[in-house]
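Residue numbers are given in the numbering used here: position 64 of the sequence shown equals residue 920, and the series is strictly consecutive.
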Amino acid sequence: MAEQKTTAKNTKAKNTKAKKTTVKQVPRVIILLGSKSDLPVIEGMYPLLDRFGLSYGVEVASAHRQPEKLKRIIKAGEKGGTEVFIACAGMAAHLPGVVASMTAKPVIGVPVAAGPMQGFDALLSIVQMPPGVPVATVAVGSAGARNAACLAARMLALKDSKVAEAVEKYRKELARGGK
Ligand code: C2R
């Protein structure tokens, strides 16, 4: 099960270890990676999720290499109240689509630039889902990872006024030239 993390510091320190936690600790957002080699790409997500007040957990669970582990994480997340899944993968990036096949929660896919095609392969693998199994696909790499955090916040802002306020505040900062 994904462990809840609220700061970039503790996420980075423990994010490759799946820890047993109670249902209470299941985060609102679960970030899944195809490999620990994808970790640098998501670093920019942590401060954004923190500022939006969203709890999150990071798990390495490849659909190709660890399908049973992936299934366990998704089921535990659903049971514990996870609201959005973000899946990041490079090369033949089936992970986000497989996640979308296992849950009815929104899935955001982040293509990672790994291998000789520099993310174009991952982009097409993630964006070209067949009808009925959507993956909201963002840009390749760290810009996409940051947008995945922003998109998750906008989704949750629909029903959570605190998140909506944080999203508005961030938009105003961007308008003033912030990043
Ligand atoms: P390694 O660095 O572990 O060899 O992984 C990962 O996301 C990574 O970018 C190379 C790349 O393979 C990707 N990967 C997938 C999946 N599992 C691993 N696309 C999957 O299940 O889709």
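Every residue gets a Cβ at the ideal spot worked out from N, C-alpha and C, and that includes glycine.
In this text the structure is predicted, and so the values were computed from the model without any measurement.
Take L926, set aside five residues on each side of it, and the residues of its chain with a beta-carbon closer than 6 angstroms to its own are A917 and A919, in chain order. Look at S1017: its beta carbon is at least 7 angstroms from all of the heavy atoms in the ligand C2R. With a cut-off of 7 angstroms, the C-beta of R921 is classified as near the ligand C2R, since at least one heavy atom of the ligand falls inside that distance.
Nearest in C-alpha terms to M1011, of all of L910, L979, E899 and H950, is L910. If you compare the alpha carbons of A1020, K961, E939 and G1000 with that of Y912, the shortest gap goes to E939. Under the three-state reduction of DSSP, P952 is assigned to helix. Approximately 18 angstroms separates the beta-carbon atoms of A1008 and V996; this is outside 8 angstroms, ruling out the contact. Unbroken beta strand (DSSP E) stretches of 3 residues or longer found wholly inside the stretch 922-1007: 940-946 and 963-968, given in chain order.
Between A945 and G890, the C-beta gap is smaller than 8 angstroms, which places the two residues in contact. Excluding sequence positions up to five before and after L904, its CB lies within less than 7 angstroms of the CB of R1002, A1005 and C1006, all in the same chain and listed in chain order.
Among the bridge pairs identified by DSSP, G913 is matched with I886. The stretch 1014-1022 makes no contact with the stretch 983-1000, as fewer than three CB pairs between them are under 8 angstroms. One thing to note: E915 has its Cβ no nearer than 8 angstroms to the Cβ of I898.
At least one heavy atom of the ligand C2R falls within 7 angstroms of the beta-carbon of G890. Minimum Cα-Cα distance from P972 among the listed residues S957, R884, A948 and I982 corresponds to A948. With respect to the 8 angstroms criterion, S1017 and A970 are not classified as neighbours on the basis of their beta carbons. Collapsing the DSSP output to three states places R907 in a helix. About 5 angstroms separates the CB atoms of V955 and V963; that is less than 8 angstroms, so the two are in contact. In its chain, beyond the 5 residues on either side, G965, I982 and V983 have a beta carbon closer than 6 angstroms to the beta carbon of T993.
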